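**Q**
Protein chains: 2
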Amino acid sequence: MTARARIRDAAVSLFAERGIKGTSVREIAAEAGVSLGLVRHHFGSKEDLRAACDAYVLDRLMRLKEEILLDGRQPGAGPMPGAHPVVLFLLRYFARSVADGSPAADAMFAELVGSSQRWVQEHHGGRVADPGAYASLLVATEVGLLVMRAQVSRQLGADILGPDGHLRLSRAKLEFYSKPLLDEGSAELAYKALDRLEREHSVRRRSGTGRAASGGPASGGAVKGRAEQGRAGRGGGAP
Amino acid sequence: MTARARIRDAAVSLFAERGIKGTSVREIAAEAGVSLGLVRHHFGSKEDLRAACDAYVLDRLMRLKEEILLDGRQPGAGPMPGAHPVVLFLLRYFARSVADGSPAADAMFAELVGSSQRWVQEHHGGRVADPGAYASLLVATEVGLLVMRAQVSRQLGADILGPDGHLRLSRAKLEFYSKPLLDEGSAELAYKALDRLEREHSVRRRSGTGRAASGGPASGGAVKGRAEQGRAGRGGGAP
DNA sequence: TCGTTGACTGTACGCGTGTATAGGGTCAGA
DNA sequence: TCTGACCCTATACACGCGTACAGTCAACGA
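The following block contains the structure:
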């Protein structure tokens, strides 16, 4: 393995684990077993190195997915990522990149949403009113799981990137994607609440009525109970 | 407003926006309009300041949720967070904290999963086989949306923390949570595939069979095809 | 053989960082 | 008036960072 490849692998690994800011070029050099100067010789600045890693990982991810798709002996279960250990590793880098904010990762995020949206439209025709937002939610869930790998793994009692945890998570995903959280009744109720809220909001917008906004589909459960937001009064957040 | 509160608010705001590593104590001092020394005088080390922010935000979040719960005039639509501007701001800090990794945020994540799980069990009785994992997915989706605010907002064409984007996202969430992505047939098929995979895996585990894993519930949709960037190649960067 | 090229190392520079500490005000109470 | 407590500023220090550059060594073509 060439020194250049070792440096790249070390960078991808450390960036994925500790983030860009949390990783020094010296650490990368040490991990790759080369001198600090060689990193710069091969990749230029740290930002250049990061861009090279982005390009490498994303390209690799695309190619691997194609392969998986082609041999696809697995029954397609919708836009869910596969379990290739390599893919999972690369996806972890991707997730970190998205969380840290990188143009290349943003582009791939957009592409994922695009193809998920296509999938949704193909399989659910006109039943979904806002396929773009629906697809965004789907991608946010999948990428979010990678970003929050540590927390989710702790909840499940097994690393979701390991065999056991991944299996359990995959089954849970099937439940999550096939058994709706909300029944039609409460969804309809919530839609109505949103419509009401929008009217209030536009009224408020037109004339400076008091009553601040607070709008979304209910709250709480995450917090337990139900109900949702209440007033909005209150002033701004922190500042 | 006391200088101490200004410092705390500035820290929360900057930490939420740029992350812990991406924010210097000097920037916080400047944002709060105080000297560097005063930050240290009031909060001690940077890590202490971060812990104080964690405690403040999480406590505030809990109290606000309680208030929201109590007056709750909105119809409950399940475990979805409300739209209080303040809550959203605090949630953004929370999301960043989760992504960056903080014990306090981890604890709150666990608590959110716990109450979501309770909600699921209460409303779906025995219909969900793995309520813990199901609830984790729910929380990962919600927090993931906050973490990926920029990307999701770009997809939707409006800031999901602003009135318009939030409304659209809320409606999409209702679709996402009430219209299942997978029908029973394909879910059943995928379950079977997972079972088969598990058997293969345990066999492989027992005796070292070849064939790498590539498992999971199918792959690809999300990605479709096509690669985008070119290799990582390129020669010496810097002269 | 010589000269060139490219991989690779070692060392140094400037800068921003978190941390430390001495000191200047102001105000309440003895 | 003095004194001590506080809130607050200013300055300094050591350190790790990204960056820059001179130089060593081996391979290779003329």
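Protein chains in written order, with my numbering: chain A, 1 to 239; chain B, 1001 to 1239.
Every residue, glycine too, gets a C-beta built ideally from N, C-alpha and C.
Owing to the predicted nature of the structure, the values given are computational and were not obtained by experimental measurement.
1) State the DSSP-derived secondary structure class of Asp-1071 of chain B, mapped to helix, strand or coil.
2) First and last residue of the alpha helix (DSSP H) that includes Asp-130 of chain A?
3) Chain B partners of Gly-22 of chain A, CB-CB under 7 Å?
4) Could you tell me the distance, in whole angstroms, from the CA atom of Ser-1102 of chain B to the CA atom of Asp-1059 of chain B?
5) Could you list which residues in chain A have their beta carbon closer than 9 Å to that of Phe-1109 of chain B, in chain order?
6) Taking 9 Å as the threshold (beta carbon to beta carbon), is Asp-159 of chain A in contact with chain B?
7) Are at least three pairs of beta-carbons, each pair with one atom in the region 1130-1139 of chain B and one in the region 152-159 of chain A, less than 8 Å apart?
8) Cβ closer than 8 Å: which chain B residues qualify as neighbours of Gly-144 of chain A?
9) Could you name the residues of the region 166-186 of chain A whose beta carbon sits closer than 9 Å to any beta carbon of chain B, in the order they occur along the chain?
10) Name, please, each residue of chain A whose Cβ falls closer than 8 Å to the Cβ of Gly-1132 of chain B.
11) Along the chain, where does the alpha helix (DSSP H) that runs through Gly-1037 of chain B open and close?
12) Taking CB distances under 9 Å as the criterion, tell me whether Asp-1059 of chain B reaches chain A.
13) Alpha carbon to alpha carbon, how far is Glu-1047 of chain B from Lys-1021 of chain B? Give it in angstroms, no decimals.
14) How would you list, in chain order, the residues of chain A whose beta-carbon sits under 8 Å from the beta-carbon of Gly-1101 of chain B?
15) Please state whether DSSP places Ser-1102 of chain B in a helix, a strand or coil.
16) Kindly indicate which three-state DSSP category Thr-209 of chain A falls into: helix, strand or coil?
17) Got a sec: is the Cβ-Cβ distance from Asp-1106 of chain B to anything in chain A below 9 Å?
18) With distance defined between alpha-carbon atoms, name the residue in A:Leu-167, A:Ser-116, A:Glu-200 nearest to Glu-1200 of chain B.
19) Rounded to the nearest angstrom, what separates Leu-1189 of chain B and Ala-172 of chain A at their Cα positions?
20) Please confirm whether Ala-190 of chain A has its beta-carbon closer than 9 Å to some beta-carbon of chain B.
21) Please tell me whether Glu-1047 of chain B has its Cβ less than 9 Å away from any Cβ of chain A.
22) Give me the Cα-Cα distance between His-42 of chain A and Ser-13 of chain A, rounded to the nearest whole angstrom.
**A** Taking the coordinates as given:
1) Any reading at Asp-1071 of chain B must be qualified, since the residue scores a pLDDT of 44, below 50, and its modelled position is unreliable; no value is offered.
2) Segment: none, Asp-130 of chain A is in no alpha helix (DSSP H) and carries neither H nor E.
3) Lys-1021
4) 15 Å
5) Met-148, Gln-151, Val-152, Arg-154, Gln-155
6) no
7) yes
8) Ala-1140, Thr-1141, Val-1143, Gly-1144, Leu-1145, Val-1147, Met-1148
9) His-166, Leu-167, Arg-168, Leu-169, Ser-170, Arg-171, Ala-172, Lys-173, Leu-174, Glu-175, Phe-176, Tyr-177, Ser-178, Lys-179, Pro-180, Leu-181, Leu-182, Asp-183, Glu-184, Ser-186
10) Gln-155, Leu-156
11) 1036-1043
12) no
13) 11 Å
14) Ala-150
15) coil
16) In this predicted model, Thr-209 of chain A has a pLDDT of only 40, less than 50, meaning its place in the structure is not dependable; the value taken from the coordinates is given anyway. Residue state, collapsed to three classes: coil.
17) yes
18) A:Leu-167
19) 14 Å
20) yes
21) no
22) 18 Å
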